[in-house]
Structures are given as structure tokens and as C-alpha cells.
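> Quick note on my numbering: the sequence shown kicks off at 2 and runs consecutively.
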Amino acid sequence: MSIDVMDKANEVVIARADNPELVKGRREFFSYRELGVTKATEGKMRAQVTIATQGLSEETGWHVHLCEGQFVYILEGWVDLEFAGNRKERIVAGDSIFIPGDTPHNETATSEEFQILEVSIPADMGTEPCAKPD
2 MSIDVMDKAN
12 EVVIARADNP
22 ELVKGRREFF
32 SYRELGVTKA
42 TEGKMRAQVT
52 IATQGLSEET
62 GWHVHLCEGQ
72 FVYILEGWVD
82 LEFAGNRKER
92 IVAGDSIFIP
102 GDTPHNETAT
112 SEEFQILEVS
122 IPADMGTEPC
132 AKPD
């Protein structure tokens with residue numbers, strides 16, 4: 002792991018690309034690269050890069066995140082999402098999306114390989130299954 006964090010919270014943090022810190026994440030079929038923001042902000046925010054080397058083999062199922070919000074920027078590939086009202090979106094490399102906390106959504110497909118930068122407030126973002134909304 003190569004994350005340079007000063008001794009005190011809310012200081013400059015640098016996550017080095019040449020020695021990434023991989024951590025356990027919400028889904029076993031993705032890899033998660035920690036960027037040091039959780040520690041630097043004392044849990045107020047989390048920033049991670051999510052990496053997939055095999056496309057989503059099944060939908061995640063309808064769920065909500067227990068947080069203030071989740072920001073996602075697609076670095077590589079694409080992801081298909083569903084929202085209430087039969088709204089379907091394909092988010093591709095270069096696109097971003099902000100999903101307010103408690104917003105029901107379902108990830109239905111991804112490209113074979115993809116990477117996203119995900120930021121959540123707070124860092125400890127829970128995930129709960131929910132019914133498909135109307």
C-alpha cells in the first residue's frame with residue numbers, strides 16, 4: 002500500500018498508482034482501490050476506484066444506499082442502471098452520475114472491463130435491498 006497521509010486528519014493525502022491499496026467492498030465480483038480519503042476525513046467521505054475485469058453476470062437487484070449521496074465518474078467502460086418510473090440509463094466513460102441517498106436503483110449490466118471513481122458521503126455507506134419502485 003502506498004497512501005501518504007499526514008498524522009492529523011483533514012491533511013493532504015496522496016494515493017500512489019504504482020502501489021494501490023485494495024480493500025474489501027460491497028460486491029465480491031469487483032476490486033476496490035482505497036484512495037485514503039476515508040482516513041483523511043475521519044469518515045466524512047469515501048473515495049474509491051471500483052475495478053471489474055469481468056462483466057456483471059447478474060443484476061445487483063433493487064437497492065438503496067444509506068448515505069447523503071453517491072457520486073460516480075466512469076473512467077473506463079459503461080454501466081446500465083434502472084431507476085423508478087422504468088427509467089433506464091447507460092453511463093459511459095467520461096459520464097458522471099450523482100445518486101442521492103435512499104434512491105432505489107438496480108445495476109443491470111456492465112461492460113466486460115470497467116473502472117469507476119466513486120465518492121460517498123459519509124464514508125460508511127450502507128446498502129439495503131428494496132422493492133422495485135413503480
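Ideal placement from N, C-alpha and C gives every residue a C-beta, glycine not left out.
Compute the beta-carbon to beta-carbon distance between Arg27 and Ser121, rounded to the nearest angstrom, for a pair I have assumed lies under 8 Å.
Not quite, the Cβ-Cβ distance comes to about 10 Å (not below 8 Å), so this is no contact.
> Give the DSSP-derived three-state secondary structure of Lys40 in the structure shown.
helix
> Since Thr54 is in the beta strand (DSSP E), which residue starts that stretch and which ends it?
Where Thr54 is concerned, there is no enclosing beta strand (DSSP E), given that its DSSP letter is neither H nor E.
> For a test of the three-state rule: what should DSSP assign to Met2, helix, strand or coil?
Confidence at Met2 is low in this model, with a pLDDT of 45, below 50, so its placement is unreliable and no value can be given for it.
> Under the rule that 16 or more other beta-carbon atoms within 10 Å means buried, what is Gly37, buried or exposed?
buried
> Distance check for His64 and Ala132, CA to CA, integer angstroms please.
8 Å
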